[in-house]
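In our numbering, the protein residues as written are 2 to 377.
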């Protein structure tokens, strides 16, 4: 289900989602997305550009629907994980600049065709891109826009400090490459115990990125802040910041928790209610054997819908009528059973998996994971 202004014409999309999901519905509240965007706009300088991460199905929110709203509200940049995500957005009418964060070996042709902007993080990716450019008939005034990633301490993707000089030579030798931005990623921007490390990352990024931008004869953006960094290190905004899961209403601080609104909620219904005698078992493998007569509800949501199996047998719960209903037995592929003892409920009643940040965070903690994983 989608909530948003009529201008976005989401009725048809909503119908398709409802048809696919049947009684289990992932609701996307686009009005809340806009609220969160406007909140983060108050946290950055007016001159600072905003990039939104719409990778991983926009953290479960639906890439096109989110991108369409962000485009309408004049966001500056989008970022996707893979080329095919960017291609689909282009085909759907999204014309914002799109950075591709994990360009694959055989995807550069499609990136060039659809005017997507690859992240270049190693000499291998640079070699592959230049090879593609070499056999592509590009107008001389239409260079390929790229984004250079630097490794400042997270030690994931990115050029290391001792590679910068060689990188600069390569870039300057190829007039068909246009550097749009230089960026890096903070490893622990939301963890105060690692603030000294974060400051060292920011300082190293400032130093390395200046080495690059100072010799390129046109403006190049710099950015290192993610959502957590925007809130805790505003002095490091540089030219652009990247909004990730915070945009979708998942807070990383108490201040965010007080201001952000949940974009996603996952709801289902009670398909059937039955009372089972003591000594009977529930679900696969007879993993739950009842010690007393128990009223159970069968709910059409399971691990195929993102409800982790680790929540089986009372380790997790769903919400019915504002009360916690413990999961009983094993979580199945597309169903689970909940204990309704002491809960007033009827068949067809709504069951909440999560509908706000606190429920999502609690679910993630019980699942021994993070909200990011549950939403994707």
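We put the beta carbon where it would ideally sit given N, CA and C, even for glycine.
| query | result |
| --- | --- |
| Less than 8 Å between C-beta atoms, sequence neighbours within five positions excluded: which residues of the same chain meet that for residue 278? | 291, 294 |
| Would DSSP call residue 141 helix, strand or coil? | coil |
| For my contact list, residue 213 and residue 237 are in at a C-beta cut-off of 8 Å; report their separation, rounded to the angstrom. | Going by Cβ atoms, the distance from residue 213 to residue 237 rounds to 17 Å, so no, they are not a contact pair. |
| Buried or exposed: which applies to residue 240, given that a residue is buried once 16 or more other Cβ atoms fall within 10 Å of its Cβ? | buried |
| Exposed or buried, what is residue 33 when buried is set at 16 or more other beta-carbons lying within 10 Å of its beta-carbon? | buried |
| Please name the residue in 91, 219, 93, 299 whose C-alpha comes closest to that of residue 335. | 299 |
| Do the CB positions of residue 225 and residue 187 come within less than 8 Å of each other? | yes |
| Contact check, residue 119 vs residue 147 under 8 Å by CB: the rounded distance? | 6 Å |
| Can you find at least 3 beta carbon pairs, one from the segment 250-261 and one from the segment 317-328, that sit closer than 8 Å? | no |
| When DSSP labels each residue in this structure, what does residue 20 get in the three-state scheme? | Any answer about residue 20 is weak, because its pLDDT of 39 lies below 50 and its placement is not dependable; what the coordinates show is given next. DSSP places residue 20 in helix when its eight states are reduced to three. |
| Expressed to the nearest angstrom, what Euclidean distance is found between the alpha-carbon atoms of residue 266 and residue 373? | 14 Å |
| Do residue 78 and residue 47 count as a contact pair if the criterion is CB distance below 8 Å? | no |
| Within 10 angstroms of its Cβ, does residue 66 collect 16 or more other Cβ (buried), or is it exposed? | buried |
| Mind checking residue 359: buried by the 16 CB within 10 Å criterion, or exposed? | exposed |
| List the endpoints of the continuous beta strand (DSSP E) containing residue 312. | That residue, residue 312, is in no beta strand (DSSP E); it is neither H nor E in DSSP. |
| With a CB to CB cut of under 7 Å and the five nearest residues on each side skipped, what residues in its chain are close to residue 217? | 180 |
| Below 7 Å CB to CB, which residues in the same chain sit around residue 88 once its five sequence neighbours on both sides are set aside? | 111, 115 |
| How many Å lie between residue 135 and residue 107 at the Cα? | 14 Å |
| Assign residue 150 to buried or exposed, taking buried as 16 or more other Cβ atoms, counted over all protein chains shown, within 10 Å of its Cβ. | buried |
| Which residues does DSSP list as the beta-bridge partners of residue 382? | The requested residue 382 does not occur in the structure, where the chain is confined to residues 2 to 377. |
| Assuming the contact rule is C-beta atoms closer than 8 Å, residue 350 and residue 270 should be a hit. Round their C-beta distance to whole Å, please. | 7 Å |
| Leaving out five residues before and five after residue 104 in sequence, what residues of the same chain have Cβ atoms less than 7 Å from its Cβ? | 84, 112, 119, 120, 126 |
| Closest to residue 303 by C-alpha separation, out of 282, 325, 337, 287, would be which residue? | 337 |
| Going by DSSP in three states, residue 60 sits in which element: helix, strand or coil? | No answer about residue 60 holds up, because its pLDDT of 39 lies below 50 and its placement is not dependable. |
| With H, G and I counted as helix, E and B as strand and the rest as coil, what does DSSP make of residue 327? | strand |
| What number of angstroms, rounded off, separates the C-alpha of residue 275 from the C-alpha of residue 309? | 24 Å |
| Is it buried or exposed for residue 284, if we count other Cβ within 10 angstroms and need 16 for buried? | buried |
| Could you spell out the range, first to last residue, of the alpha helix (DSSP H) harbouring residue 166? | 165-174 |
| Between the alpha carbons of residue 74 and residue 232, how many angstroms are there, rounded? | 21 Å |
| Do residue 102 and residue 80 count as a contact pair if the criterion is CB distance below 8 Å? | yes |
| By the three-class DSSP mapping on this structure, what secondary structure does residue 338 have? | strand |
| Which value, in whole angstroms, describes the spacing of the CA atoms of residue 312 and residue 368? | 6 Å |
| How would you call residue 90, buried or exposed, if buried means at least 16 neighbouring beta carbons within 10 angstroms? | buried |
| Just curious, the beta strand (DSSP E) that residue 78 is in, first and last residue? | 78-81 |
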